[in-house]
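J.:
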Amino acid sequence: MESLYLVKLAIGIAMGYLLGSILPAYILGRRLRRLDIRTLGNRTAGISNAFRILGKPTGIITLIYDMSKGIAAIGIGALLGLGFWTSMLCGAAAIVGHIFPFYLDFKGGRGGGTASGIIVLYLLPMMFATGSLSIWTFAVMFAVGLLMYVSTHDGNFTGLVAYPFVGFAAITDSMSQYNLAMLALTTFLFAFCIYNISKRRQRFKPQGASEVRWWRSYIRPAAVLFLPIYEIFGKRPCLVLLAIVTLSFLALDISRIMHKKADEFFYRSAKNMYKASESKRFSSMTYFLISSFLCLLLFEKGIAFLSIIFLTFGDVFGKYFGMTFGRRHIAEKKTIEGSAAFLAGCLAFGFFALPFTGVPLWLMAIGALLAAFAEAFPFGLDDNMTVGIFSGAAMTAIKLLAL
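Residue 9 is where the sequence shown starts when you use the numbering used here, and the numbers rise one by one after that.
Encoded structure:
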């Protein structure tokens with residue numbers, strides 16, 4: 009009996025691998041265009057490259073098949089009478105087949121589309137059977153993935169942000185075997201995305217990176233530390249501490265603006281601290297701190313927290329992805345790609361912060377959208393001032409009107 013089960017498992021894994029190794033992007037590229045798609049674009053036989061090189065009709069065919077073959081492999085496992093985890097192995101074999109097709113010297117795609125199909129297979133019961141995943145949560149997940157793809161046109165960067173959503177939804181639902189499997193899969197895919205990006209890191213160097221003080225972007229998330237200080241010690245001590253930090257930066261800026269020698273000293277001795285465009289004006293760091301202080305002062309705790317999160321992580325996403333992938337301009341120094349990534353960052357980190365804010369999902373999503381609008385169209389003001397205050401004021405007004 010046990011040997012029969014092993015035979016069935018071997019058959020299921022073999023069929024999953026064979027299903028996965030069928031690559032429409034490669035086969036149709038050879039048949040229709042007489043080219044090897046793996047030598048063009050991102051040099052893979054996957055969905056994004058099919059759209060880019062072969063066009064929409066072929067891209068759609070590739071999308072449908074690549075997302076279906078992992079599901080089909082799991083279905084074959086079930087038909088063979090295999091258990092849950094062994095059926096999952098059949099699905100994993102389809103991913104392996106996609107990445108390492110035997111007839112192409114084991115050089116295929118990246119497996120993201122096949123894995124995403126398996127994830128969708130397990131998300132649907134969470135929405136319609138158990139009801140543990142609301143349609144709105146799924147909509148936010150889908151929006152983040154779509155926005156990241158619009159920004160980067162790269163499946164790895166899309167997965168890097170989207171996969172944690174799915175893992176988070178799984179563990180907050182229950183620790184059943186289904187959700188543990190999804191958590192394991194998303195964790196693996198997240199790590200795989202990091203690996204793929206690290207291999208191609210030279211291709212993703214932001215344009216004009218030498219003019220950006222990246223250390224300021226890297227430490228900006230440290231501002232979130234004020235939120236647990238607020239939670240533990242209360243509003244007043246948090247505001248006092250933030251005021252001290254803000255006034256320190258404000259004093260430095262005033263001394264630079266009022267005294268030419270001080271300005272020259274900072275640009276000569278601390279040239280990595282300020283940008284050339286900040287000569288004779290307040291720095292973006294100061295605007296950021298002032299805006300954070302006003303958000304905590306003026307808005308209720310949950311809305312203030314979200315406003316600062318939008319200002320913090322949205323800016324990091326918008327700056328990096330806008331400078332790296334930005335091509336289509338919508339305003340001065342603003343691109344569709346950067347704004348899409350900004351909104352994705354706001355939605356992603358706002359979603360993870362929801363349990364600590366008490367703000368409903370729909371209100372957070374509106375606030376994120378308005379924050380992205382304020383960032384793209386600051387109306388002559390520094391967007392470090394407009395994003396947090398505008399989104400916080402809008403969420404406050406909408407909440408009052410909804411009561």
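Ideal Cβ positions, reconstructed from N, Cα and C, are used throughout, including at glycine.
1. What did DSSP end up calling Ala-53 once you bin it into helix, strand or coil?
2. Is Glu-239 buried or exposed, if buried means 16 or more other CB atoms sit within 10 Å of its CB?
3. Would you say Tyr-328 and Ala-349 are within 9 Å of each other, going by their C-beta atoms?
4. Thinking just about the alpha-carbon of each residue, which of Ile-84, His-267, Val-148 and Leu-197 is nearest to the one in Met-372?
5. Helix, strand or coil, according to DSSP, for His-267 in the structure here?
6. Between Leu-193 and Ile-179, which are expected to be in contact by the criterion C-beta below 8 Å, what is the C-beta distance as a whole number of angstroms?
7. With DSSP as the reference, label Thr-332 as helix, strand or coil.
8. By DSSP's criteria, His-337 is part of a beta bridge. Which residues make up the other side?
9. Between the alpha carbons of Tyr-13 and Thr-166, how many angstroms are there, rounded?
10. Can you grab the Cα-Cα spacing for the pair Ala-217 / His-161, in whole Å?
11. Can you tell me the Cβ-Cβ gap for Thr-94 and Ala-33, rounded? I've got them flagged as a contact below 8 Å.
12. Check whether the stretch 115 to 123 and the stretch 53 to 66 touch, using three or more Cβ-Cβ pairs below 8 Å as the test.
13. Hey, Ala-189 and Met-96 are a contact pair by Cβ (cut 8 Å); roughly how many whole angstroms apart?
14. Does the beta-carbon of Pro-109 have 16 or more other beta-carbons within 10 angstroms, so that it is buried, or is it exposed?
15. Alpha carbon to alpha carbon, what distance is there between Val-158 and Gly-330?
16. Please state whether the Cβ-Cβ distance between Thr-404 and Phe-307 is less than 9 Å.
17. Mark Glu-383 as exposed unless 16 or more other C-beta atoms lie within 10 angstroms of its C-beta, in which case mark it buried.
18. Express the C-alpha separation of Phe-200 and Lys-207 in angstroms, rounding to a whole number.
19. Do Gly-326 and Gly-346 have their C-beta atoms within less than 9 Å of each other?
20. So what does DSSP say about His-161, is it helix, strand or coil?
21. Go to Arg-39, then tell me how far its alpha helix (DSSP H) extends in each direction, as first and last residue.
22. So which of Leu-305, Gly-396 and Gly-375 has the shortest CA-CA distance to Ile-406?
23. Could you tell me the boundaries of the alpha helix (DSSP H) in which Ile-126 lies?
24. Thinking Tyr-186 and Tyr-130 are a contact (beta carbons under 8 Å), I'd like their distance in whole angstroms, please.
25. Rounded to a whole number of angstroms, what is the C-alpha to C-alpha distance between Ala-80 and Phe-136?
26. Leaving aside the five residues before and after Ala-251 along the sequence, list all residues of the same chain whose C-beta is less than 7 Å from its C-beta, in chain order.
27. If distances are taken between C-alpha atoms only, which option among Ser-29, Lys-342, Ala-100 and Ala-410 comes closest to Phe-196?
28. Can you list, in chain order, the residues of its chain with a C-beta nearer than 7 Å to that of Ala-361? Leave out the 5 residues immediately preceding and following it.
29. Using the Cβ count rule (16 or more neighbours within 10 Å means buried), how would you classify Ala-102?
T.: Walking through what the data contain:
1. coil
2. exposed
3. A contact, by the Cβ cut-off of 9 Å.
4. Val-148
5. coil
6. Not really, about 13 Å apart at Cβ, beyond 8 Å.
7. helix
8. Looking at the DSSP assignment, His-337 forms a beta bridge with Thr-343.
9. Going by the C-alpha atoms only, they are around 38 Å apart.
10. In this prediction, Ala-217 scores a pLDDT of 48, lower than 50, which makes its location untrustworthy; no coordinate-derived value is stated.
11. With a contact defined as Cβ atoms closer than 8 Å, Thr-94 and Ala-33 miss out at about 29 Å.
12. yes
13. 5 Å
14. buried
15. 11 Å
16. yes
17. buried
18. Rounded to whole angstroms, the separation of the alpha carbons of Phe-200 and Lys-207 is 11 Å.
19. A contact, by the Cβ cut-off of 9 Å.
20. coil
21. Unbroken alpha helix (DSSP H) run through Arg-39: 32 to 41.
22. Gly-375
23. 120 to 136
24. Indeed, because the Cβ distance is near 6 Å, the residues count as touching under 8 Å.
25. 21 Å
26. Phe-301
27. Ala-100
28. Phe-313, Leu-314 and Ile-317
29. buried
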